[in-house]
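Okay, so here's the structure we're looking at.
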Amino acid sequence: MSAKIVIIGAGSAGIAAATRLYQRGLKNVQILEATDRIGGRVHTVPFGENVIDKGAQWCHGEKQNVVFELASPLGLLESSIIGGNNLLIQSNGEIVNQALSDRLMQMAGEIAESEELETYGGTFGDFVTERFMKAVNEEKNKDIDRELVQQFLVSYHNYQKGYNAIDSWYEYSVNDDAEDCEGNQTLSWMGKGYQSVLDLLLGRHPSQNGDLIPIEEKIVFNKFVKNIHWNRGPDYPVTIYCQDGSQYDADHVILTMSLGVLKENLQTMFTPQLPSIKRNAITGIYFGTVNKIIMEFKVPFWAEVGNTFSLLWGQDELESLRASKYAWTEGVSAFFKIDRQPKLLAAWMMGKECRQAELLSGQDIIDGLLFLLRKFFKEKQIDPPIKMIRSQWFSDRNFRGSYSSRSIKTDLLQTGCNDLAIPLTDCFGKPVLLFAGEATNSKHYGTVHGAIETGWREANRLIDLYEKQQKKVETVQTT
Ligand SMILES: Cc1cc2nc3c(=O)[nH]c(=O)nc-3n(C[C@H](O)[C@H](O)[C@H](O)COP(=O)(O)OP(=O)(O)OC[C@H]3O[C@@H](n4cnc5c(N)ncnc54)[C@H](O)[C@@H]3O)c2cc1C
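For the sequence shown, our numbering begins at 905 and goes up steadily by one.
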């Protein structure tokens, strides 16, 4: 009988690990999943004319991107509309002309990606602000209105807060090993949603000719793992205790729950406590919140202009917003269109206002967004949406946020994903607790391709272990 491997979490990393183990002969696998569905932060749901994604939406990049490698040969990806025609829109209702929008975005983008960041002493926010102001003060840029410069910088900060899932760019570390995969950064799933990647991993996508990998029958749903007793003894070194009183024994456990879940349950989830290197990593790596609010309108009032509308606040209007009941809408950085869904408009929310807004009622959310839309699209007749759907990643105890990033605290504690990824072994050096999930990927954290890579990484670790053991047995038998 082969080793018993329990995987905690049926998100991208968990499904990737389970399918790889199964395909390579380690079939005694079980997945314990807290919710009643697979996918985790990949969550495609019916809405509008087809589907929307509450979590991951785009395949970011092509080169060395495992998602692209799985999906592209089958023709499942297309360039998203949000890859172009992005507009800056001001709170007085004016749209900044496209050429100037592009110029500002390009200047800021080049600074944010500059190699000089690596040797810069301050924070990411200090760097971008300093260099951006220097650039706009050059003679060739003197034509740009100074107030617009200030408004743009605030809006670009909001964009970066979302991109890096961080509350402030003054918290974001410049010592970051993250690497974007080269190529198109916004590839979408042709109206089928990111869940297609789960079908691909499971070998059940209609465009695949291979065999189904029967992992679904190995998933037990509604099992919230509350404690892992991880050094019990040679027969089943690990016992897992679930919230509902059930327990499972295992030789190896692959953990894929989000960093948010690990942070919240750090004191109670492990017996004995994790060693300090792990605790340091769980405490030090940042886990932020980004949400989407998606509205369906009878008539798409925005049709003729832009695909993304980044919001630029005038100072006076921002001050009166902060004193109003709609103060939380400051956390909306942009509205954007959804591919193949002409009647939908989505709002990006980030930062602390985004977590506060999770607690508001659906009607409060609709009222706030209508207020914003009527302010920024002054010329338009805007009726209330007919439907609204939103993500609430922070309030959900199975996630407690959206994705990880590197903060100043990560640097101060001298930790990072590599520490989080180190497996814990028993007294014979055999890996007992293995750590996967996006936050354990030093180059591609915060993404689905990063999460899948880590599931495969930990599955390969066990496959190598048992292949080596098998070879030893064969050598002994032949001598
Ligand atoms: C709003 C948003 C937008 C995003 N956009 C993109 C994008 O466009 N492109 C991209 O590549 N990435 C994007 N991401 C990031 C991407 O979704 C994640 O990096 C990836 O899905 C994480 O996968 P994972 O397997 O590591 O974790 P998860 O998907 O979180 O899987 C972990 C699983 O563990 C389960 N679990 C948690 N606790 C327990 C417990 N105690 N017991 C049992 N089970 C438990 C959870 O229910 C979950 O199913 C986005 C994320 C969000 C939230």
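Glycine residues also receive a C-beta, built at the ideal position from the N, C-alpha and C atoms.
Q | Through-space distance from valine 1040 to isoleucine 1048, alpha-carbon basis | A | 8 angstroms
Q: With a threshold of 16 other CB atoms inside 10 Å of the CB of asparagine 1068, please say whether the residue is buried or exposed.
A: buried
Q: Pick out the complete alpha helix (DSSP H) segments inside the stretch 1107 to 1195, 4 residues or longer, and give them in chain order.
A: 1163 to 1169 and 1180 to 1188
(Q) Less than 8 angstroms separating the Cβ of cysteine 963 from some heavy atom of ligand 1? (A) Look at cysteine 963: its beta carbon is less than 8 angstroms from one of the heavy atoms in ligand 1.
Q | Closer than 8 angstroms: glycine 1210 CB and nearest ligand 1 heavy atom | A | no
Q. Once you ignore the five residues that flank proline 1289 on each side, which residues in its own chain have a CB closer than 7 angstroms to its CB?
A. Met1199, Glu1200, Phe1201 and Ile1270
Q | Nonlocal neighbours in the same chain, by C-beta distance under 8 angstroms from proline 1335, ignoring five residues either side | A | His1156, Pro1327, Leu1328, Thr1329, Arg1365, Leu1366 and Leu1369
(Q) Please classify phenylalanine 1332 as buried or exposed, where buried requires at least 16 other C-beta atoms within 10 Å of its C-beta. (A) exposed
Q) Can you find at least 3 beta carbon pairs, one from the stretch 1303 to 1314 and one from the stretch 1057 to 1076, that sit closer than 8 angstroms? A) yes
Q.
List, from N- to C-terminal side, the beta strand (DSSP E) runs of 3 residues or more that fit wholly inside the stretch 1198 to 1239.
A. 1212 to 1216
Q | Short Cβ contact (9 angstroms threshold) for glutamate 982 with serine 1162 | A | no
(Q) In the DSSP assignment, the beta strand (DSSP E) including aspartate 957 goes from what residue to what residue? (A) 954 to 957
Q) Identify the residues that DSSP records as bridge partners of leucine 1248: which are they? A) Glu1200
**Q.** Start-to-end residues for the alpha helix (DSSP H) that takes in valine 1377
**A.** Valine 1377 -> alpha helix (DSSP H) spans 1352 to 1382.
Q.
Would you call the stretch 1227 to 1234 in contact with the stretch 1260 to 1279, where contact means no fewer than 3 C-beta pairs closer than 8 angstroms?
A. Contact between the stretch 1227 to 1234 and the stretch 1260 to 1279 is present: 3 or more CB-CB pairs across the two stretches fall below 8 angstroms.
Q: Please decide whether serine 1150 counts as near chain B, where near means a Cβ-Cβ distance under 9 angstroms.
A: Structure shown: chain B not included; a single protein chain is present.
Q: Compute the distance between the beta-carbons of glutamate 1020 and glutamine 1245, then report whether it is under 9 angstroms.
A: No; because the gap between Cβ atoms is not below 9 angstroms, this pair is not in contact.
Q.
Within 8 angstroms, do at least three Cβ pairs link the stretch 949 to 969 to the stretch 934 to 941?
A. Cβ pair count under 8 angstroms is below three, so no.
(Q) Whether or not the stretch 1117 to 1126 and the stretch 1294 to 1306 are in contact is what I'm after, with contact meaning three or more pairs of Cβ atoms, one per stretch, closer than 8 angstroms; do they touch? (A) no
Q. Is serine 1237 near ligand 1, with its Cβ less than 8 angstroms from a heavy atom?
A. no
Q | Among Ala1227, His947, Gly915 and Ile1132, nearest to proline 1176 - alpha-carbon criterion | A | Ile1132
Q) Under three-state DSSP, which class holds lysine 1241? A) Three-state result, lysine 1241: strand.
(Q) Can you find the residues in the same chain that come closer than 6 angstroms, C-beta to C-beta, to alanine 1185, ignoring five residues on each side of it along the sequence? (A) In its chain, beyond the 5 residues on either side, Thr1319, Asp1323 and Leu1324 have a beta carbon closer than 6 angstroms to the beta carbon of alanine 1185.
Q. Beta carbon of tyrosine 1145: closer than 8 angstroms to some heavy atom of ligand 1?
A. no
**Q.** ligand 1 heavy atom lying under 8 angstroms from the CB of alanine 1363
**A.** no
**Q.** leucine 936 beta carbon near ligand 1 (any heavy atom closer than 8 angstroms)
**A.** Yes, ligand 1 has a heavy atom inside 8 angstroms of this Cβ.
Q. Taking Cβ positions, are isoleucine 912 and valine 1129 nearer each other than 9 angstroms?
A. yes
Q: Assuming serine 916 contacts alanine 1355 (C-beta within less than 8 angstroms), just tell me the rounded distance between them.
A: 4 angstroms
(Q) Would you say the beta carbon of isoleucine 942 is closer than 8 angstroms to some non-hydrogen atom of ligand 1? (A) yes
Q: Measure the C-alpha to C-alpha separation of phenylalanine 1239 and tyrosine 1060 and round it to an integer number of angstroms.
A: 14 angstroms
Q) Can you give the beta carbon distance from serine 1346 to glycine 1192, rounded, assuming they're within the 8 angstroms contact cut? A) The distance from the Cβ of serine 1346 to that of glycine 1192 is about 18 angstroms, inconsistent with a contact at the 8 angstroms cut-off.
Q) From glutamate 1262 to glycine 1341, what does the alpha carbon distance come to, in whole angstroms? A) 24 angstroms
Q) Between which two residues does the beta strand (DSSP E) harbouring threonine 948 extend? A) 948 to 951
Q. Contact between the stretch 1083 to 1091 and the stretch 961 to 978: three or more CB pairs below 8 angstroms?
A. yes
Q | Classification of methionine 1254 by the beta-carbon crowding that lies within 10 angstroms, buried from 16 upward | A | buried
Q: Report the partner residues of arginine 1294 according to the DSSP bridge assignment.
A: Ile1197
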